[in-house]
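Participant: Attaching a single structure in structure tokens format; questions to follow.
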Amino acid sequence: MTTRSETRTTLDHLLTEIEHRNPAQPEFHQAAHEVLETLAPVIAARPEYAEPGLVERLVEPERQVLFRVPWQDDQGRVRVNRGFRVEFNSALGPYKGGLRFHPSVNLGVIKFLGFEQIFKNALTGLGIGGGKGGSDFDPHGRSDAEVMRFCQSFMTELYRHIGEHTDVPAGDIGVGGREIGYLFGQYRRITNRWEAGVLTGKGRGWGGSLIRPEATGYGNVLFAAAMLRERGEDLEGQTAVVSGSGNVAIYTIEKLTALGANAITCSDSSGYVVDEKGIDLDLLKQIKEVERGRVDAYAERRGSSARFVPGGRVWEVPADLALPSATQNELDENDAAALIRNGVKAVSEGANMPTTPEAVHLLQQAGVAFGPGKAANAGGVAVSALEMAQNHARTAWTAERVEEELASIMTSIHTTCHETAERYDAPGDYVTGANIAGFERVADAMLAQGVI
Ligand code: NDP
Ligand code: 2IT
């Protein structure tokens, strides 16, 4: 039987190899470190997981697709972007995960997201594997017609790699209902199939699940509430700082408000808004979802309770809770120190890997409840899987039914992470709990299915 420290040494060697074999992919290295550094206890305790090649297979995508995406802008100029789809692991079901359109997208970013997705999807308890895709296309400032032509060109290549039983993309940064509509239209045209289950996040009138737009934000708030409950507290009366002002941030603020908390910030890449009265969601939705504007417009139109801080980060605003909901590495150790100084009780990740490893360490050392994204933001992909189930059965559930299922999945993820952390001598450590519980489910399926 190998000891924990021998296992840790083996995993350290593997991490060094991962860095050599995947040069210039810092986000993927970070995600691999974050998971592998917590696995020693479970691999040491269960000899079958020490089988040579198991973890090595897990860190190597099953398939990586890279393609050219040419499109014409409104001036008739030809633009060329890069498209990606990383099909990471299908031991538990068809590859499942979003598409991100953002200029920062590259292979390493998509691999980090795809790797996280494997464990997140496993934690939902549903039958979905892990994948992720996207493009370095920047939708900001592009007309609807440009976005449509881009999406059509993107799908003209992607369609050969996806399918309801193969790989099922959805949204992520820069990909919402509008983009999913254009992507679905082109898939349907090329394949001549009404294959609703090939994409999730569809419009409610044509196969989309109710509550899918809300699911990630709502789910994260339910996860934060569960962490607080463990400490004998609830959301009522708590002040919360939220970053971002997109899909996840908006529905995080909505649920916080519904459960009696006061969400006082939102942000985008231009800076942040703090509104002492609490964010006015109708105004924020109008600016962000309808006008596709910037957050400074919110402060201008809201009146004296709100102010815009150009270039700043919301973490400097004192609050009981912090829910990062924009992008990776948006909360570093200086931000964590500021949150701790101001008495934060819980940090729950709506975004994927928004907290740097140093910041996670500081928060945990200070006794702050920390919910990692792969657990806390799993509500979005979970409701995507419920959308697939509805599509397969050619039916549509009520909003109440979907919300009940979402709440029960989030409670179960919280319990699983909490109990797994205790089982492996890391009480209260949701990072360890999430990584080990996700790993166990995927690893068991991989072992049962042989060396493939
Ligand atoms: P949106 O595109 O709807 O919103 C993204 C928000 O984050 C915008 O306010 C955007 O501001 C801001 N943002 C993005 N990149 C940066 C950056 N580099 N620096 C500063 N601000 C930035 O995306 P989502 O809300 O869907 O996604 C937010 C996060 O949640 C991502 O990490 C995503 O992976 C994660 N997530 C999303 C799920 C979903 O269902 N949509 C599910 C689970 C996780 P700006 O417009 O100025 O760029
Ligand atoms: O990061 C994520 O979990 C998502 N962007 C949602 C993926 C999905 O398939 O719904």
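Residue numbering for the sequence shown follows the working numbering, starting at 19 and increasing by one per position.
We treat Cβ as the ideally placed atom computed from N, Cα and C, and that holds for glycine.
Nearer than 7 Å: is that true of the beta carbon of V53 relative to any heavy atom of the ligand 2IT?
Facilitator: As a working mapping, residue 53 is identified with position 35 in the sequence shown. No; taking the cut-off as 7 Å, the Cβ of V53 has no heavy atom of the ligand 2IT nearer than that.
Participant: Are the beta-carbon atoms of S366 and F241 separated by less than 8 Å?
Facilitator: Taking the first residue of the sequence shown as position 1, residue 366 is located at position 348. Taking the first residue of the sequence shown as position 1, residue 241 is located at position 223. In contact: S366 and F241 (Cβ atoms closer than 8 Å).
Participant: Could you check the C-alpha separation between A444 and A243 for me, to the nearest Å?
Facilitator: Residue numbering aside, residue 444 sits at position 426 when the sequence shown is read from its first letter. Residue numbering aside, residue 243 sits at position 225 when the sequence shown is read from its first letter. Straight-line Cα distance between these residues: approximately 21 Å.
Participant: Just to confirm before moving on: does the CB-CB distance between G151 and V104 stay below 8 Å?
Facilitator: Here residue 151 refers to the residue found at position 133 when the sequence shown is read from its first residue. Here residue 104 refers to the residue found at position 86 when the sequence shown is read from its first residue. Cβ atoms of G151 and V104: closer than 8 Å.
Participant: Check for me: the beta strand (DSSP E) holding V335 runs from which residue to which?
Facilitator: Numbered from 1 along the sequence shown, position 317 holds the residue referred to as residue 335. Per DSSP, V335 belongs to no beta strand (DSSP E) and is neither H nor E.
Participant: Between E182 and the rest of its own chain, which residues show a CB-CB distance below 6 Å, the 5 nearest in sequence each way excluded?
Facilitator: The residue you call residue 182 lines up with position 164 of the sequence shown. Within the same chain, E182 has close Cβ partners E213, G215, V216.
Participant: Just checking my contact of S263 with K306 at CB under 8 Å: how many whole Å lie between their CB atoms?
Facilitator: Your numbering for residue 263 matches position 245 in the sequence shown. Your numbering for residue 306 matches position 288 in the sequence shown. With a Cβ gap of about 5 Å, S263 and K306 count as contacting.
Participant: Is the closest heavy atom of the ligand NDP to the C-beta of I191 under 7 Å?
Facilitator: In the sequence shown, counting from the first residue as 1, residue 191 sits at position 173. Flag set: Cβ of I191 near the ligand NDP.
Participant: Within the continuous beta strand (DSSP E) that includes D286, where are the two ends?
Facilitator: Along the sequence shown, one-based indexing puts residue 286 at 268. First-last of the beta strand (DSSP E) with D286: 283-286.
Participant: Whose C-alpha, out of H47, L76, T25, is nearest the C-alpha of V60?
Facilitator: As a first step, residue 60 is located in the sequence shown; it is residue number 42 there, counting from the start. Among H47, L76, T25, the Cα nearest to that of V60 belongs to T25.
Participant: What whole-angstrom Cβ distance do N107 and V460 have, given they're in contact under 8 Å?
Facilitator: Counted from its first residue, the sequence shown places residue 107 at position 89. Counted from its first residue, the sequence shown places residue 460 at position 442. Yes, N107 and V460 are in contact; Cβ-Cβ is about 6 Å, under 8 Å.
Participant: Quick one: is the Cβ of K114 within less than 7 Å of any heavy atom of the ligand 2IT?
Facilitator: Reading the sequence shown from its first residue, position 96 is the one you call residue 114. K114 Cβ: within cutoff of the ligand 2IT.
Participant: For S263, verify whether its CB is less than 7 Å away from any heavy atom of the ligand NDP.
Facilitator: Taking the sequence shown and counting its residues from 1, the one referred to as residue 263 is at position 245. Yes, the beta carbon of S263 sits closer than 7 Å to at least one heavy atom of the ligand NDP.
Participant: Give the straight-line distance between the Cα atoms of A355 and L381, rounded to the nearest whole angstrom.
Facilitator: Reading the sequence shown from its first residue, position 337 is the one you call residue 355. Reading the sequence shown from its first residue, position 363 is the one you call residue 381. Cα to Cα, the separation comes out at about 8 Å.
Participant: According to DSSP, simplified to helix, strand and coil, what is W224?
Facilitator: Walking along the sequence shown from the start, residue 224 turns up at place 206. It is helical.
Participant: How is Y200 classed by DSSP in three states: helix, strand or coil?
Facilitator: Taking the sequence shown and counting its residues from 1, the one referred to as residue 200 is at position 182. Note: Y200 maps to helix in three-state DSSP.
Participant: Would you list, in sequence order, the uninterrupted alpha helix (DSSP H) runs of no fewer than 4 residues that lie entirely inside the stretch 75-156?
Facilitator: As far as the stretch 75-156 is concerned, its whole alpha helix (DSSP H) runs of at least 4 residues are 125-141.
Participant: May I ask you to report which of helix, strand or coil DSSP gives A387?
Facilitator: Looking up residue 387 in the sequence shown gives position 369. Here A387 sits in strand by DSSP.
Participant: Quick check on the burial criterion: 16 or more other C-beta atoms within 10 angstroms. Buried or exposed for K295?
Facilitator: Sequence index remark: in the sequence shown, residue 295 carries index 277 (1-based). K295 should be labelled exposed.
Participant: Which term fits S288, buried or exposed, when burial requires 16 or more other beta carbons within 10 angstroms of its beta carbon?
Facilitator: Within the sequence shown, the letter at position 270 stands for residue 288. With fewer than 16 other Cβ atoms within 10 Å, it is exposed.
Participant: Identify whether V259 lies in helix, strand or coil by the three-state DSSP scheme.
Facilitator: Residue 259 sits at position 241 when you count from the first residue of the sequence shown. If DSSP states are grouped into helix, strand and coil, V259 belongs with the strands.
Participant: Measuring only the C-alpha atoms, how far is G311 from D30?
Facilitator: In the sequence shown, residue 311 corresponds to position 293, counting from 1. In the sequence shown, residue 30 corresponds to position 12, counting from 1. In a straight line, the C-alpha of G311 is about 45 Å away from that of D30.
Participant: What number of angstroms, rounded off, separates the C-alpha of T270 from the C-alpha of T234?
Facilitator: Along the sequence shown, read from residue 1 onward, the residue named residue 270 stands at position 252. Along the sequence shown, read from residue 1 onward, the residue named residue 234 stands at position 216. Distance between the alpha carbons of T270 and T234 is about 8 Å.
Participant: Go through its chain and collect everything with a Cβ distance to D154's Cβ below 6 Å, but skip five positions before and after it.
Facilitator: Here residue 154 refers to the residue found at position 136 of the sequence shown. Closer than 6 Å at the Cβ level, and outside the excluded window around D154, lie N99, R100, P121, V123.
Participant: So is the beta-carbon of D91 under 7 Å away from any non-hydrogen atom of the ligand NDP?
Facilitator: By one-based count along the sequence shown, residue 91 stands at place 73. It does not: the Cβ of D91 is nowhere closer than 7 Å to a heavy atom of the ligand NDP.
Participant: How many angstroms separate the CA atom of Q93 from the CA atom of V308?
Facilitator: By 1-based counting over the sequence shown, the position of residue 93 is 75. By 1-based counting over the sequence shown, the position of residue 308 is 290. Roughly 24 Å separates the two Cα atoms.
Participant: Got a sec? Which residues, its chain only, sit under 6 Å from R412 by beta carbon, not counting five neighbours each side?
Facilitator: What you label residue 412 is simply residue 394 of the sequence shown in a count that begins at 1. Excluding residues within five positions, none has a Cβ falling inside 6 Å.
Participant: Relative to the C-alpha of M166, which candidate in D300, Y205, Q408, V186 has its C-alpha closest?
Facilitator: Against the sequence shown, residue 166 aligns to sequence position 148. The shortest C-alpha separation from M166 is found at Y205.
Participant: How many angstroms separate the CA atom of N352 from the CA atom of Y290?
Facilitator: Within the sequence shown, the letter at position 334 stands for residue 352. Within the sequence shown, the letter at position 272 stands for residue 290. About 17 Å.
Participant: Along the beta strand (DSSP E) that carries V460, what are the first and last residues, could you check?
Facilitator: One-based indexing of the sequence shown puts residue 460 at position 442. It is not in any beta strand (DSSP E) - V460 instead sits in the alpha helix (DSSP H) that spans 448-466.
Participant: For a test of your reading of the model: does the CB of G194 fall under 7 Å from any non-hydrogen atom of the ligand NDP? Yes or no.
Facilitator: Here residue 194 corresponds to residue number 176 of the sequence shown, with the count starting at 1. Checking every heavy atom of the ligand NDP against the Cβ of G194, one is found closer than 7 Å.
Participant: Is any heavy atom in the ligand NDP found nearer than 7 Å to the beta carbon of V332?
Facilitator: Taking the first residue of the sequence shown as position 1, residue 332 is located at position 314. Checking every heavy atom of the ligand NDP against the Cβ of V332, none is found closer than 7 Å.
Participant: Is the beta carbon of V335 less than 8 Å from the beta carbon of V401?
Facilitator: What you label residue 335 is simply residue 317 of the sequence shown in a count that begins at 1. What you label residue 401 is simply residue 383 of the sequence shown in a count that begins at 1. Not closer than 8 Å, so no.
Participant: Alpha carbon to alpha carbon, how far is A340 from R211? Give it in angstroms, no decimals.
Facilitator: Here residue 211 refers to the residue found at position 193 when the sequence shown is read from its first residue. Here residue 340 refers to the residue found at position 322 when the sequence shown is read from its first residue. Answer to the nearest angstrom: the Cα atoms are 44 Å apart.
Participant: Does the stretch 249-258 touch the stretch 407-426, meaning 3 or more C-beta pairs lie closer than 8 Å?
Facilitator: No, they do not touch.
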